[in-house]
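Enquirer: Quick one: the structure is below, questions incoming.
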Amino acid sequence: MNRTRITAGALALLTLAQLSLSACSNKGTGAEEEQKSEASNPSANVSQEEQEQETRIDPGLPEKDFGGYDFRMLGKGTSNSHWKSMDLTAEELTGDAINDAVFQRNATVSDRYNVKFVEYAVGDYFNQGKEFTNSVLSNADDYDMAALKPDGVVSSFISNGYVIELGTVPYLNLSQPWYDQNMIRQMSLDGKVFLVMGDMLTMDNDAIGAVFFNKKLAGNYNLENLYTLVDEGRWTIDKMTEFSEVAAQDINGDGAMKPMDDVWGALTEYSTTFALNSGAGVTMISKDENDLPIVSAGDERYANMYEKVLKLQNNWDIALYAEAVGGYSDVWAECLDVIFESDRALFNICWMNRASLFRNMETDFGIIPLPKYDEGQDSYHSFVSMYCANSIEIPKTAPDLERTGIIIEALSCESKYLLTPAYYDKTLKSKESRDEESSRMLDVIFATTIYDLGYMFNWGGICSAVGSMVGKAGGDISGYASALQRSNKSITKNIEKDMKAIRE
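Numbering (our numbering), first residue to last: 114 to 617.
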């Protein structure tokens, strides 16, 4: 078992609940409708000054002395250069805003409840669920909570009954603003919540999809101001494709676009296909009025958006598709990131973690939301990758749910006032973004997050069915409907199987 034991303490995350005015509701509606009030008024987001002046919310927790108990957290740790979990524990104060906020948060909760925080970092990105699963199947008292990736990991925990339904945990109040109400609303199943994101974590923020653009190239090509397009609601997938066509250049004139030799309109990858599709406010799986999952990948709007996305992503004269590039052990760190940092790509469709990775980039970059389907769309939508994000879950073997609920609630509350400002205001906005416009765009992006149950559970291989058109030169989508139809029976069967297990 490859895991590292780290003593100290922490959990963190910038939650949409802090940026959104919407109330908690576990009943699902269309994603487009859910976010209209949030996205149409980004100025409603809470600024740092307002955060500091607002009345602190009392979580209503009892006074307890847990006798020096080791509160054990299973987390990802550091698995590669792009994804590093830094929100659970911090060993000492270093002067880094996020690290010090984690340290201070944990120290506060530790002193208040007489607990110590112990992080077990798996370190293996692709096998992070094994330790949790083995522990539960052995009925071992190993962990009080986990913070692992939902896609393929936590989803299997839910399907197999390995995690506690969070609504049943004493003192865990999921309606509080330190939990991501948008995520809870979209990811609940039959009114039940098995995982949660919020101020306690930061990696779910890093996993929000966005478009980074090279300001030098945008200026060289005299493109229309991208911030103005966003502000006026005219930033669409068609506009992104148009600008990508302008920017792409066969620099050496050899008649072939090569990754490191030419200039690209856009950098893409398999996962950003689903992100771009969701920019239309649609998901592969939505929910009915009873909070039950239904297949929506075959809906007309989803298919139409997908066709537009493929016209960009599968056009290899303008877009570089990561999974089609060979010869690198890490195509992102060694190729795509290098291309963007060296002014050879106009757009980088990626995740918010790039803001930190591009901190030392010489050329200025901007950050804008994923594009809309068309100008008539009410709001932008920012896809959260359940493959890259972390979420909080509690193993069914946790020994004392009252203690666990109190500690998670206390950590989450403290994170709202310590970790979120450190991540969002002091780091992302102040240190990592390059201009006031990008800072303003971040408010729009974080206020309009969208989650896809289909991407998380991959029921019946729905991701493969939808993704079967990706990575093929050209934008042909003629086989999409038949590919989805072939998988429909399996998708429905798997949904029904999981829902039956959840009800039992």
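Note that beta-carbon positions come from the ideal geometry of N, C-alpha and C, so glycine has one too.
Between the Cα of ASP430 and the Cα atoms of ASP456, MET465, GLN362, which residue gives the shortest distance?
Expert: One-based indexing of the sequence shown puts residue 430 at position 317. Answer by Cα proximity: GLN362.
Enquirer: Assign ILE480 to buried or exposed, taking buried as 16 or more other Cβ atoms, counted over all protein chains shown, within 10 Å of its Cβ.
Expert: On the sequence shown, residue 480 is found 367 positions in, with the first residue counted as 1. By the neighbour-count rule (16 or more Cβ atoms within 10 Å), ILE480 is buried.
Enquirer: For LEU287, I'd like the list of residues in its chain whose CB is within less than 8 Å of its CB, leaving aside the five on either flank, ordered along the chain.
Expert: The count along the sequence shown starts at 1 and reaches residue 287 at position 174. Only CYS137, LEU279, GLY280, ILE297, VAL306, VAL309 meet the Cβ criterion.
Enquirer: When the Cβ atoms of the stretch 526–541 are set against those of the stretch 565–585, are three or more pairs found closer than 8 Å?
Expert: With the cut-off at 8 Å, the stretch 526–541 and the stretch 565–585 do not touch.
Enquirer: Taking the alpha carbon of LEU174 as the reference point, which residue from ASP611, LYS485, TYR284 has its own alpha carbon closest?
Expert: The residue labelled residue 174 in the question sits at position 61 within the sequence shown. That would be TYR284, whose Cα lies nearest to the Cα of LEU174.
Enquirer: Between the Cα of LEU206 and those of SER272, PHE216, LEU449, VAL579, spot the shortest distance and give me the residue it belongs to.
Expert: Stepping through the sequence shown from its first residue, residue 206 is reached at position 93. Selected option, being the one with the closest Cα: PHE216.
Enquirer: Between which two residues does the alpha helix (DSSP H) containing ALA220 stretch?
Expert: The sequence position of residue 220 within the sequence shown is 107, counting from 1. 210–226 is the extent of the alpha helix (DSSP H) around ALA220.
Enquirer: Using three-state DSSP, classify LYS585 as helix, strand or coil.
Expert: Reading the sequence shown from its first residue, position 472 is the one you call residue 585. Residue state, collapsed to three classes: coil.
Enquirer: Apart from the five residues on each side of it in sequence, which residues of its chain come closer than 6 Å, Cβ to Cβ, to LEU566?
Expert: Position 453 of the sequence shown holds residue 566. Excluding residues within five positions, the ones whose Cβ falls inside 6 Å are ILE398, PRO406.
Enquirer: Check the C-beta distance from ALA214 over to ALA535 and give it rounded, since I have them as a contact under 8 Å.
Expert: The count along the sequence shown starts at 1 and reaches residue 214 at position 101. The count along the sequence shown starts at 1 and reaches residue 535 at position 422. Right, their Cβ atoms sit about 4 Å apart.
Enquirer: Between ASN212 and the rest of its own chain, which residues show a CB-CB distance below 6 Å, the 5 nearest in sequence each way excluded?
Expert: Position 99 of the sequence shown, counted from the first residue, corresponds to residue 212. Hits under 6 Å: ALA203.
Enquirer: Just list the beta strand (DSSP E) runs in the stretch 406–430, keeping only unbroken ones of 3 residues or longer that don't cross its boundaries, in chain order.
Expert: List check, beta strand (DSSP E) in window: 406–408.
Enquirer: Could you tell me which uninterrupted alpha helix (DSSP H) segments, each at least 4 residues in length, are contained entirely in the stretch 246–272, listed from first to last along the chain?
Expert: The stretch 246–272 contains no whole alpha helix (DSSP H) run of 4 or more residues.
Enquirer: Using only alpha-carbon positions, find the residue among THR605, PHE453, ASP404, ARG553 that is nearest to GLN299.
Expert: As a working mapping, residue 299 is identified with position 186 in the sequence shown. Here the closest residue by C-alpha is ASP404.
Enquirer: Starting from ASN286, trace the beta strand (DSSP E) in both directions and tell me its first and last residue.
Expert: Sequence index remark: in the sequence shown, residue 286 carries index 173 (1-based). No beta strand (DSSP E) contains ASN286, which DSSP labels as neither H nor E.
Enquirer: Distance, Cα to Cα, PHE471 vs MET465?
Expert: Locating residue 471 in the sequence shown gives position 358, counting from the first residue. Locating residue 465 in the sequence shown gives position 352, counting from the first residue. Between PHE471 and MET465, the C-alpha separation is close to 10 Å.
Enquirer: Output needed for ALA331: all residues of its chain with C-beta closer than 7 Å, excluding positions within five of it in sequence on either side, in chain order.
Expert: Within the sequence shown, residue 331 is the residue found at index 218, counting from 1. Around ALA331: LEU339, LEU459.
Enquirer: Return the chain-ordered list of same chain residues with a C-beta closer than 6 Å to the C-beta of ASN601, the five sequence neighbours on each side being excluded.
Expert: Counting from 1 along the sequence shown, the entry for residue 601 is found at position 488. Excluding residues within five positions, none has a Cβ falling inside 6 Å.
Enquirer: Here's the rule: buried if 16 or more other CB atoms are within 10 angstroms of the residue's CB, otherwise exposed. What is LEU390?
Expert: Here residue 390 corresponds to residue number 277 of the sequence shown, with the count starting at 1. In the sequence on display, residue 390 carries Asn and not Leu. Buried, by the Cβ-count rule.
Enquirer: According to DSSP, simplified to helix, strand and coil, what is LEU555?
Expert: For the purposes of this step, residue 555 is identified with residue 442 of the sequence shown, where counting begins at 1. It is helical.
Enquirer: Spatial neighbours of SER153 within its chain, please: C-beta separation below 7 Å, excluding the five flanking residues on both sides.
Expert: Start at 1 with the first residue of the sequence shown, and residue 153 comes out as number 40. Because SER153 carries a pLDDT of 39, less than 50, the predicted location of this residue cannot be relied on, and no value is offered for it.
Enquirer: Taking the continuous beta strand (DSSP E) assigned at GLY479, which residues delimit it?
Expert: Translated into the one-based positions of the sequence shown, residue 479 becomes position 366. That run of the beta strand (DSSP E) goes 478–481.
Enquirer: Cα separation between ILE521 and MET612?
Expert: The residue labelled residue 521 in the question sits at position 408 within the sequence shown. The residue labelled residue 612 in the question sits at position 499 within the sequence shown. Rounded to whole angstroms, ILE521 to MET612 spans 27 Å at the Cα level.
Enquirer: Please state whether DSSP places ASP513 in a helix, a strand or coil.
Expert: Position 400 of the sequence shown holds residue 513. Correct three-state label for ASP513: coil.
Enquirer: On the DSSP bridge list, what partners appear for VAL324?
Expert: Indexing the sequence shown from 1 puts residue 324 at position 211. DSSP output for VAL324 lists ILE462, ILE481 as bridge partner(s).
Enquirer: Under the DSSP definition of a beta bridge, which residues are partnered with PHE496?
Expert: Here residue 496 refers to the residue found at position 383 of the sequence shown. Answer is ILE563, bridged to PHE496.
Enquirer: Give, in chain order, every unbroken run of the beta strand (DSSP E) that is at least 3 residues long and sits entirely within the stretch 323–386.
Expert: DSSP runs (the beta strand (DSSP E)) wholly in the stretch 323–386: 377–381.
Enquirer: So, using beta-carbon positions, are MET316 and CYS526 closer together than 9 Å?
Expert: As a first step, residue 316 is located in the sequence shown; it is residue number 203 there, counting from the start. As a first step, residue 526 is located in the sequence shown; it is residue number 413 there, counting from the start. The answer is no: Cβ separation not under 9 Å.
Enquirer: Going by DSSP, which residues form a beta bridge with PHE184?
Expert: For this step, residue 184 is matched to residue 71 along the sequence shown. Answer is PHE230.
Enquirer: Could you tell me how far apart the beta carbons of VAL267 and THR517 are, in whole angstroms, since I believe they sit closer than 8 Å?
Expert: By 1-based counting over the sequence shown, the position of residue 267 is 154. By 1-based counting over the sequence shown, the position of residue 517 is 404. About 17 Å separates the two Cβ atoms, so there is no contact after all.
Enquirer: Check the C-beta distance from LEU187 over to TYR226 and give it rounded, since I have them as a contact under 8 Å.
Expert: Within the sequence shown, numbered from 1, the residue matching residue 187 stands at position 74. Within the sequence shown, numbered from 1, the residue matching residue 226 stands at position 113. Contact flag wrong, Cβ pair sits at about 20 Å.
Enquirer: Under 9 Å, do MET373 and VAL451 count as touching if we go by C-beta distance?
Expert: In the sequence shown, the residue the question calls residue 373 occupies position 260. In the sequence shown, the residue the question calls residue 451 occupies position 338. Closer than 9 Å, so yes.
Enquirer: DSSP has LYS613 in a bridge; who is on the other side?
Expert: As a first step, residue 613 is located in the sequence shown; it is residue number 500 there, counting from the start. DSSP lists no partner for LYS613.
Enquirer: Helix, strand or coil, according to DSSP, for VAL276 in the structure here?
Expert: Start at 1 with the first residue of the sequence shown, and residue 276 comes out as number 163. DSSP places VAL276 in strand when its eight states are reduced to three.
Enquirer: Quick test of the definition: if touching needs 3 or more C-beta pairs under 8 Å, does the stretch 504–512 touch the stretch 366–385?
Expert: With a cut-off of 8 Å, the stretch 366–385 and the stretch 504–512 do not count as touching, because too few Cβ pairs lie within range.
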